[in-house]
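Have a look at the structure below before the remarks.
In UniProt numbering, the protein residues as written are 1 to 104.
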């Protein structure tokens, strides 16, 4: 306890550095949830991005999948499993037509 009193500035510095490290760890945490898919014959990252990208651009989705699966050259092999971002596609009615039923 005497050491803390004598070295108050050093103690504050350590506490400040510790707080910054904790904050950076929380901020940089990957909050994206992932799901697994099996690669089929003829699949490419670009074609899969059209099916699973959600609100991301195709290039953003491909980049995320490459990083998550440690893919360097962009090639994927049929039968292998890929971990992909689990984004829900929004089901929007492009024509703005709403159907009513007699039961409602």
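Each residue gets a CB set at the ideal place from its N, CA and C atoms; glycine is no exception.
What you are looking at is a predicted structure, and each value in this text was computed from that prediction instead of being measured.
Inter-residue Cα distance where the pair is residue i and residue j
{"i": "residue 63", "j": "residue 12", "result": "41 angstroms"}
{"i": "residue 71", "j": "residue 52", "result": "18 angstroms"}
{"i": "residue 86", "j": "residue 73", "result": "23 angstroms"}
{"i": "residue 56", "j": "residue 34", "result": "14 angstroms"}
{"i": "residue 68", "j": "residue 18", "result": "28 angstroms"}
{"i": "residue 6", "j": "residue 15", "result": "16 angstroms"}
For residue i, three-class secondary structure by DSSP
{"i": "residue 82", "result": "strand"}
{"i": "residue 71", "result": "coil"}
{"i": "residue 32", "result": "coil"}
Beta-bridge partners of residue i, as assigned by DSSP
{"i": "residue 60", "result": "Answer by DSSP bridge pairing: none, since residue 60 is not bridged."}
{"i": "residue 37", "result": "82"}
Close Cβ partners of residue i (< 6 angstroms) along its chain, the five nearest in sequence each way excluded
{"i": "residue 109", "result": "Here the chain covers residues 1 to 104 and nothing more, so residue 109 does not appear."}
Same chain, Cβ closer than 8 angstroms to residue i, neighbours up to 5 away in sequence not counted
{"i": "residue 81", "result": "36, 37, 38 and 39"}
Inset, instruction - Indicate whether the contact test is met: 3 or more Cβ pairs, each with one atom in the stretch 7-26 and one in the stretch 40-54, closer than 8 angstroms. - result: Taking a cut-off of 8 angstroms for Cβ pairs, the stretch 7-26 and the stretch 40-54 do not touch, as fewer than three such pairs fall below it.
Legend entry - Contact the stretch 35-43 vs the stretch 12-23: 3+ CB pairs below 8 angstroms: No contact exists between the stretch 35-43 and the stretch 12-23.
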